[in-house]
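Peer 1: Can you keep this structure in mind? I'll have questions shortly.
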Amino acid sequence: MYALLLPASTRVVLIRRCSVLVYPQPGPGSLNISRGDLTRLEPGEFLNDTLIEWGLKYWLTATGATDPQRAEETHVFSSFFYKKLNQRKCVFPPFTFVC
Numbered sequence: 479m480y481a482l483l484l485p486a487s488t489r490v491v492l493i494r495r496c497s498v499l500v501y502p503q504p505g506p507g508s509l510n511i512s513r514g515d516l517t518r519l520e521p522g523e524f525l526n527d528t529l530i531e532w533g534l535k536y537w538l539t540a541t542g543a544t545d546p547q548r549a550e551e552t553h554v555f556s557s558f559f560y561k562k563l564n565q566r567k568c569v570f571p572p573f574t575f576v577c
């Protein structure tokens, strides 16, 4: 109801940010997939960090169903992990190569 009072450009932004899917379930570590994220699945578009992280979590869950031992030995990092790791203030020099 209040969205009708907003300018059209603002309404489009609100619709694109609206969650369509929460995976795996609401709680710590879950991802909110928005309508804007879904538009990134169209031909010619590029995947964003949210979709890549969703794909990795989905893959790890599927792996756990078929090979629990491998899933237990695997850790999937967020695409922002290296950036955060490199920004830490500590006595060690920043990482220049991670494999």
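The sequence shown lines up with residues 479 to 577 when you count with our numbering.
The beta-carbon is built from N, C-alpha and C at its ideal position, and this holds for glycine as well.
The structure displayed is predicted, hence computed values, not measured ones.
Starting from the Cα of Arg513, find the closest Cα among Leu519, Val498, Gln503 and Pro502 and give me that residue.
Peer 2: Selected option, being the one with the closest Cα: Val498.
Peer 1: Inspect the beta-carbon positions of Ser557 and Ile530 and report whether they are closer than 9 Å.
Peer 2: Their beta carbons are under 9 Å apart, which means Ser557 touches Ile530 by this criterion.
Peer 1: Look up Asn564 in the DSSP assignment and say whether it is helix, strand or coil.
Peer 2: The answer is helix: DSSP assigns Asn564 an H, G or I state.
Peer 1: Report the option in Leu538, Pro546 and Tyr560 whose CA atom is closest to the CA atom of Val554.
Peer 2: It is Leu538.
Peer 1: Once DSSP output is grouped into helix, strand and coil, what is the label at Leu509?
Peer 2: Of the three classes helix, strand and coil, the one that applies to Leu509 here is strand, per DSSP.
Peer 1: Residues in its own chain within less than 7 Å of Asp515 by CB, not counting five upstream and five downstream?
Peer 2: Cβ neighbours of Asp515 beyond the five flanking positions: Asn526, Thr528 and Leu529.
Peer 1: Quick one: what does DSSP say Leu519 is sitting in, helix, strand or coil?
Peer 2: In the structure shown, Leu519 sits in coil (DSSP, three-state: anything other than H, G, I, E or B).
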